[in-house]
Amino acid sequence: MNNGAIIEIRDLRKIYRLGKVDVPALRGVDLDVPRGEFVAIVGPSGSGKSTLFYIIGGLAPPTSGSVRVADQDLAALTDAGRTRLRKHNVGFVFQKFNLLPNLTARDNISVARYIAGGGSQPDPQFEPVLRLLKIEDRLDHKPSALSGGEQQRVAIARAIVNRPAILLADEPTGNLDTENSKAVLEILRDLNERHGQTILMITHNPEAAAYGHHTVHMRDGKIVERT
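Shown next as structure tokens:
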């Protein structure tokens, strides 16, 4: 992969089997995401956005086609290899914050670092990111003591603590009000612009999509437009 793309997808197809019926979710998707880009994927429910997201993250296998992520061919990886890819190259942010309720914000972040083999202590160079996320004074609070916006900031910190090459965000503002949505989107933009973080974001919101460099429009399992 020499074209500068950190994600390269060719003729990607995914068919789900429901009883005796084949249900196509992706119908020949081609997509390149250049390193350092912020790309939004938009489309109605059932357009294939989430299926694409899970395949790129190595969480679901395609039916056919090729997917390269961070210079690795997903089809050539074992289950353990895909797990390593996720640990070291891909960070996930979801609509539901998925924080561990009995741990503080600090420990939620540290767990991700520990799982990836980086030790339990945050990287000192991560402190500027904590300041960017504006959670340094909330690190000793458990999720129940944090607002929705603060929980999503912790989730973002957890996703990027290991400095993944790619951040995959699935409706990251879906559970937030307008003010917190704007704050989170501005954080994602700053991560991209200041730290060079590659971001692929799924959203149904055109205003959220406008924060990206490019927008990929999907419908019926296909990419129908790029803007």
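Numbering (the numbering used here), first residue to last: 37 to 263.
For each residue, glycine too, the CB sits at the ideal point set by N, CA and C.
Given the structure is predicted, the values throughout are model-derived calculations rather than measurements.
Mind checking who GLU229 pairs with in its DSSP beta bridge? Translated into the one-based positions of the sequence shown, residue 229 becomes position 193. DSSP, once it has assigned bridges, lists no residue as partnering GLU229.
State whether the segment 62 to 76 contacts the segment 216 to 233, with contact taken as three or more CB pairs (one from each stretch) at a distance under 8 angstroms. yes
Using the C-alpha atoms, what's the distance from PRO179 back to ASN138? Against the sequence shown, residue 138 aligns to sequence position 102. Against the sequence shown, residue 179 aligns to sequence position 143. Rounded to the nearest angstrom, the two C-alpha atoms are 8 angstroms apart.
If you reduce the DSSP assignment to three classes, tell me which class GLN108 lands in. Taking the sequence shown and counting its residues from 1, one reaches residue 108 at position 72. The answer is strand: DSSP assigns GLN108 an E or B state.
Sub-7 angstroms separation of ARG49 and LEU62 beta-carbons: Reading the sequence shown from its first residue, position 13 is the one you call residue 49. Reading the sequence shown from its first residue, position 26 is the one you call residue 62. Yes.
LEU203 vs ILE235 beta-carbon contact at 7 angstroms: The residue you call residue 203 lines up with position 167 of the sequence shown. The residue you call residue 235 lines up with position 199 of the sequence shown. Cβ distance < 7 angstroms, so LEU203 and ILE235 count as in contact.
Buried or exposed by the 16-neighbour rule on C-beta atoms within 10 Å, applied to TYR247: On the sequence shown, residue 247 is found 211 positions in, with the first residue counted as 1. Its Cβ being crowded by 16 or more others within 10 Å, TYR247 is buried.
For LYS258, does the three-state DSSP call read helix, strand or coil? Mapped onto the sequence shown, residue 258 falls at position 222. Reduced to three states, the DSSP call for LYS258 is strand.
Give the single residue among ASP47, ILE196, GLU172 and ARG122 whose Cα lies nearest to the Cα of HIS231. As a working note, residue 231 is residue 195 in the sequence shown. It is ILE196 whose Cα lies nearest to the Cα of HIS231.
Could you tell me the boundaries of the alpha helix (DSSP H) in which ILE92 lies? Residue 92 sits at position 56 when you count from the first residue of the sequence shown. It spans 85 to 92 - the alpha helix (DSSP H) in which ILE92 sits, taken as one unbroken run.
Find out if the Cβ-Cβ distance for the pair ALA265, ASN125 is shorter than 7 angstroms. The chain is shown only over 37 to 263; residue 265 falls outside these bounds and no answer can be derived.
Should GLU163 go down as buried or exposed, given a rule of 16 or more other Cβ atoms within 10 Å for buried? Along the sequence shown, read from residue 1 onward, the residue named residue 163 stands at position 127. Result: exposed.
Does the segment 180 to 199 come close enough to the segment 107 to 117 to have 3 or more Cβ pairs within less than 8 angstroms? no
By Cβ distance, which residues of its chain are closer than 8 angstroms to ARG262, with the 5 residues on each side in sequence left out? Counted from its first residue, the sequence shown places residue 262 at position 226. Correct list, in chain order: HIS250, THR251, VAL252 and HIS253.
Unbroken beta strand (DSSP E) run spanning TYR52, endpoints: Translated into the one-based positions of the sequence shown, residue 52 becomes position 16. Run containing TYR52: 41 to 54, per the beta strand (DSSP E) assignment.
Could you please give me the residues that DSSP links to ILE151 through a beta bridge? Here residue 151 refers to the residue found at position 115 of the sequence shown. Paired residues: none, contrary to the question.
Select from ASP256, VAL260 and GLU207 the residue whose C-alpha is nearest the C-alpha of GLU243. The sequence position of residue 243 within the sequence shown is 207, counting from 1. Checked all of ASP256, VAL260 and GLU207; the closest Cα to GLU243 is GLU207.
Please check the pair PRO60 and GLY127, which I expect to be a contact at CB under 8 angstroms, by giving their CB distance rounded to whole angstroms. Mapped onto the sequence shown, residue 60 falls at position 24. Mapped onto the sequence shown, residue 127 falls at position 91. Not confirmed; about 29 angstroms, so no contact.
Quick check: the Cα distance between VAL57 and ARG104, rounded to an integer number of angstroms? Taking the first residue of the sequence shown as 1, we reach residue 57 at position 21. Taking the first residue of the sequence shown as 1, we reach residue 104 at position 68. For VAL57 and ARG104, the distance between alpha carbons rounds to 29 angstroms.
Go ahead and label SER83 buried or exposed: buried means 16 or more other beta carbons lie within 10 angstroms of its beta carbon, across all protein chains shown. Along the sequence shown, one-based indexing puts residue 83 at 47. So SER83 counts as buried.
Helix, strand or coil, according to DSSP, for LEU139 in the structure here? Position 103 of the sequence shown, counted from the first residue, corresponds to residue 139. The answer is coil: DSSP assigns LEU139 none of H, G, I, E or B.
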